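Remarks on the structure that follows.
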Amino acid sequence: YPVDRAAEDENNNMELTQQYLENYYNLGKDVKPFVRRRNSGPVVEKIREMQKFLGLEVTGKVDSDTLAMMRRPRCGVPDVGD
Amino acid sequence: FTTFPGMPKWRKTHLTYRIMNYTPDLPRDAVDSAIEKALNVWKEVTPLTFSRTDEGEADIKISFAVRDHGDFNPFDGPGNVLGHAYPPGPGIYGDAHFDDDEQWTSDTSGTNLFLVAAHELGHSLGLFHSADPSALMYPVYNVLADLARFHLSQDDVNGIQSLYGGNDSL
Chain E
2 YPVDRAAEDE NNNMELTQQY LENYYNLGKD VKPFVRRRNS GPVVEKIREM QKFLGLEVTG
62 KVDSDTLAMM RRPRCGVPDV GD
Chain X
-1 FTTFPGMPKW RKTHLTYRIM NYTPDLPRDA VDSAIEKALN VWKEVTPLTF SRTDEGEADI
59 KISFAVRDHG DFNPFDGPGN VLGHAYPPGP GIYGDAHFDD DEQWTSDTSG TNLFLVAAHE
119 LGHSLGLFHS ADPSALMYPV YNVLADLARF HLSQDDVNGI QSLYGGNDSL
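Written as structure tokens, this is what we have:
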């Protein structure tokens, strides 16, 4: 059971991250699911961009500080424009 | 600080605003006061002035809404997104929308309307988000321990003055 729970948490965290990056950091909705799941390439770059903008340690990983930041209330306007 | 792509700004210094509806969370005069105070934050450091209108078109229309509210940018229920606003321009541009699934308050027991309004109205005037965590235009809601001591950060002042210049009467 603990293993399943950990996997579920990870899925939820990735879902949150993808949504956050799509909404506020212009992550393309066409990024392939495989790339998203592996948290690689453009996703890592966007995580780094988000961490840098929000003043977090830039790790490219969805660590606990990054998760906590993404869960905080915020403005709905994106952080980066096109 | 950053400004919106293309640096949209108002080409006049006197702007009108209209409060289209009210949240049930607060008395009307508390909403009026929070919006007026939020506009004053920007007025104090620029040549901009604001007057309220209760009918017809206004440069900045302020409304409370939940979920889908007609701008293809639906709110998300309680928490997360508190509001959004559009850069200067005609029609919906310049308008500020607040998510009425939040618990709006005049103090810090819920989501403080003045703080969020001051941020959103910064967008209405042309400011985009700042990466400075001490700035009002930082995208994440920061609860202040002492609201009475609120002041714009230098980053906010530099940002708004890059668009409109300073307040010469200071």
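Heads up: the protein sequence lines correspond to chains E and X, in order.
Residues 2 to 83 in my numbering are what the first sequence lists, from first letter to last.
Residues -1 to 168 in my numbering are what the second sequence lists, from first letter to last.
From the three backbone atoms N, C-alpha and C, an ideal C-beta is built for every residue, glycine too.
Since the structure is predicted, the reported quantities are computational estimates derived from the model, not experimental observations.
Interface flag, residue i vs chain X, CB-CB below 7 Å
{"i": "E:G42", "result": "no"}
{"i": "E:V59", "result": "no"}
{"i": "E:V78", "result": "yes"}
{"i": "E:R75", "result": "yes"}
Range covered by the alpha helix (DSSP H) that runs through residue i
{"i": "E:F54", "result": "43 to 54"}
{"i": "X:L161", "result": "152 to 162"}
{"i": "E:A69", "result": "65 to 71"}
Where residue i sits in the DSSP three-state scheme
{"i": "X:H117", "result": "helix"}
{"i": "X:N30", "result": "Per the sequence shown, the amino acid found at residue 30 of chain X is Asp instead of Asn. Looking at X:D30 - three-state DSSP - the assignment turns out to be helix."}
{"i": "X:A56", "result": "coil"}
{"i": "X:W102", "result": "strand"}
{"i": "X:V138", "result": "strand"}
{"i": "X:R147", "result": "helix"}
{"i": "X:T44", "result": "coil"}
{"i": "E:N14", "result": "helix"}
{"i": "X:F62", "result": "strand"}
{"i": "E:R6", "result": "helix"}
C-beta neighbour in chain A for residue i, strict 7 Å
{"i": "X:Y139", "result": "Absent from the structure: chain A. Protein chains present are E and X."}
Other residues of its chain near residue i: CB distance less than 8 Å, five sequence neighbours each side excluded
{"i": "X:G108", "result": "D23, E100, Q101, W102"}
Cβ-based neighbour list, residue i, same chain, cut-off 6 Å, excluding 5 preceding and 5 following
{"i": "X:T14", "result": "S49, T51, A56, D57"}
{"i": "X:F32", "result": "Residue identity differs from the one stated: residue 32 of chain X is Ala in this sequence, not Phe. L111, F112, A115."}
{"i": "X:A133", "result": "S151, D153, D154"}
{"i": "E:M51", "result": "Y26"}
{"i": "X:P86", "result": "P6, K7, W8, G92, G124"}
{"i": "X:G75", "result": "D99"}
{"i": "X:S122", "result": "I58, A83, G92, A94"}
{"i": "E:L55", "result": "M70"}
Beta carbon proximity, residue i to chain E, threshold 7 Å
{"i": "X:V64", "result": "no"}
{"i": "X:V39", "result": "no"}
{"i": "X:H67", "result": "no"}
{"i": "X:A36", "result": "no"}
{"i": "X:L80", "result": "yes"}
{"i": "X:A133", "result": "no"}
{"i": "X:G77", "result": "yes"}
{"i": "X:A116", "result": "no"}
Delimiting residues of the beta strand (DSSP E) encompassing residue i
{"i": "X:V79", "result": "79 to 83"}
{"i": "X:I17", "result": "12 to 17"}
{"i": "X:A94", "result": "94 to 97"}
{"i": "X:S128", "result": "Segment: none, X:S128 is in no beta strand (DSSP E) and carries neither H nor E."}
Members of the segment 18 to 34 of chain E near chain X, C-beta cut-off 8 Å: Y25
Against chain E: residues of the segment 9 to 21 of chain X by CB proximity under 9 Å: none
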